[in-house]
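As structure tokens, the structure follows; a few thoughts come after it.
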Amino acid sequence: MKAVGVIVEYNPFHNGHAYHLQAAKETAHADLAVAVMSGNFLQRGEPALVSKWYRTKMALHSGVDIVLELPYQFATQKAETFANGAVSVLDAIGCHSLCFGSESGDISTFRQTVDYMDLHKDCLDEKIKMNIKTGVSFPKALSLSFQSMSSTENLLSLDKPNNILGFHYVKALKKQKSSIVPLTIKRKNADYHDEHFATETIASATSIRKALFTSKVNNSSIEQYVPDTTSALLKEYLNEYGSFHEWENYWSFLRFRLLHSSSEELREIYEVEEGIENRLIAAALESSSFKEFMEKVKTKRYTWTRLQRICVHILTNTKKAEMSGTLEKASYLRLLGMTKRGKEYLNKNKSQFKLPLISRLSAYKENDISLDIQASRVYSFGLAKQFGTIILQQEFKQPPIYVQ
């Protein structure tokens, strides 16, 4: 059975994802699709709208056959580390190909750009250091440095979010010497960060979440942009748990952590560096909401996304020592769900998987997975106590979801 891999967050699953999934299967001539999906906290440093179990249901009812969780130490990271972890998961489970959406839509450009960067690595690194000294963020420094070097080459535009992720996927495949074949589909209509509905059927996840948080009561305004199953599951989650997850739900807990920690204690947290801990504490003292806090802390050098990731690590108390040495490849495959076809693939091929396949946490004792447990405990704080307890118990008791 030929499996195509996709790297996703599905926050939530929408029509654009359905288009990508169908195109991925067709382009790869695949028998099934394997999704490696971020858990309860995401790459941009945000809590997922609904739990990973509900997002798994959305995926399985919409064409994905196997859903694997991307471990916390990769899911809440910059693009390069995020890609390293996701690619290692897909490689370990035996995917033939990896298909990602991009603004470019031309896989040869990704290959050429990775090769070009490898060839000119020393020069590029020096230019990045020079640009960072001007006070810009790392992503901006990378984009400026690359543009100054490659202006005469037919290479990738690295100022687009999906091009950047795709570049790091192809780079990770090369670095890990994976046999996976990279494929790309040109993104359709809505841009990644669009906050407003741009077309009649395709909208960004950002705009969908904004509409959901604005309405609070119903999701009728998004129904034309998501599959029926997604719409039904979002309504079910809201009815069952009383709320979606957003940063404001966690503000009181984050503020408590910041104001009851010394600067020295905060410096032990992963990604806290360059004295940012003092700025965080000062802003927490003066802010009454997460949004106000972020607006006080943000600088040209520290992007909103980078700051949110720092806040996630503070919230989960993730130390630098815990992340050290864990960021090259995943060490396990956490199965969240499967279809009948997915189950058949697992039964036929699991003896050849490069990593252990975990279906229940209670059966796995490795230290690496403790970060996922820690993250789920914190994620449960975003709901009223009685509902948070259910989310927390699911981490240990929920078997992989099965959809026939």
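In terms of the numbering used here, the sequence shown is residues 227 to 630.
Just so you know, even glycine gets a beta-carbon here, dropped at the ideal spot from N, CA and C.
Given the structure is predicted, the values throughout are model-derived calculations rather than measurements.
query                                                                                                                                                                      : result
Whose CA, out of Leu485, Phe439, Arg527, Tyr476, lies closest to the CA of Leu368?                                                                                         : Arg527
Can you tell me where the beta strand (DSSP E) holding Ile211 begins and where it ends?                                                                                    : Any answer about residue 211 is impossible in this case: the structure gives the chain only from 227 up to 630.
Around the Cβ of Cys537, are there at least 16 other Cβ atoms within 10 angstroms (buried) or fewer (exposed)?                                                             : buried
So what does Val234 bridge to, in DSSP terms?                                                                                                                              : Met263
Along the alpha helix (DSSP H) that carries Gly563, what are the first and last residues, could you check?                                                                 : Unbroken run through Gly563 is the beta strand (DSSP E), 559 to 565; no alpha helix (DSSP H).
Given a cut-off of 8 Å, decide if Phe579 and Gly320 are closer than it, judged by their beta-carbon atoms.                                                                 : yes
Could you spell out the range, first to last residue, of the beta strand (DSSP E) harbouring Leu345?                                                                       : Segment 333 to 345 is the alpha helix (DSSP H) holding Leu345; no beta strand (DSSP E) there.
Around the C-beta of Ser264, are 16 or more other C-beta atoms found within 10 angstroms, so that it is buried, or is it exposed?                                          : buried
Looking at C-beta atoms only, is the number of pairs between the segment 454 to 472 and the segment 492 to 505 that lie closer than 8 Å three or more?                     : no
When you compare the segment 337 to 352 with the segment 296 to 313, are there three or more beta-carbon pairs, one atom per stretch, that lie closer than 8 Å?            : no
On the criterion of 16 or more Cβ atoms from any shown chain inside 10 Å, does Ala547 qualify as buried, or is it exposed?                                                 : exposed
Arg281: which of Ala431, Ala318, Ser404, Arg532 sits nearest, CA to CA?                                                                                                    : Ala431
Do Ile507 and Leu485 count as a contact pair if the criterion is CB distance below 8 Å?                                                                                    : yes
Looking only at C-alpha atoms, which of Ala274, Leu561, Val407, Asp317 sits nearest to Asn237?                                                                             : Ala274
Exposed or buried, what is Tyr651 when buried is set at 16 or more other beta-carbons lying within 10 Å of its beta-carbon?                                                : No statement about residue 651 is possible, as the shown extent of the chain runs from 227 to 630 and does not include it.
Among Ser330, Ile540, Gln269, Ala458, which has the Cα closest to the Cα of Glu490?                                                                                        : Ile540
Roughly how many angstroms lie between the CA atoms of Ile448 and Asn241, to the nearest whole one?                                                                        : 11 Å
Could you check the C-alpha separation between Ile599 and Glu621 for me, to the nearest Å?                                                                                 : 7 Å
Excluding the 5 residues preceding and the 5 following Ala416 in the sequence, name in chain order all residues of the same chain whose CB lies nearer than 6 Å to its CB. : Note on Ala416: pLDDT 48, under 50, position unreliable in the model; the coordinate value appears next. Contacts found: Ala424, Ile428, Ala429, Ser430.
Could you pull the start and end residues of the alpha helix (DSSP H) that Glu188 belongs to?                                                                              : In this structure the chain extends from 227 to 630, so residue 188 is not present and cannot be described.
Give the single residue among Ser314, Lys304, Asn380 whose Cα lies nearest to the Cα of Leu399.                                                                            : Ser314
Return the CA-CA distance between Ile406 and Ile358, expressed in angstroms with no decimal places.                                                                        : 34 Å
For a test of the three-state rule: what should DSSP assign to Pro453, helix, strand or coil?                                                                              : coil
Along the beta strand (DSSP E) that carries Ile627, what are the first and last residues, could you check?                                                                 : 627 to 629
In chain order, what residues of the same chain lie with their CB nearer than 6 Å to the CB of Ala312, ignoring the 5 residues before and after it?                        : Ile233, Val262, Leu296
Assuming Pro387 contacts Ile333 (C-beta within less than 8 Å), just tell me the rounded distance between them.                                                             : The pair is not a contact, with the Cβ atoms about 18 Å apart (cut-off 8 Å).
Go through its chain and collect everything with a Cβ distance to Val396's Cβ below 7 Å, but skip five positions before and after it.                                      : Phe336, Arg337, Val340, Pro408
Tell me whether Ser374 is buried or exposed, calling it buried when 16 or more other Cβ atoms sit within 10 Å of its Cβ.                                                   : exposed
Could you check if Lys574 is buried or exposed, using at least 16 other CB atoms within 10 Å of its CB as the buried criterion?                                            : exposed
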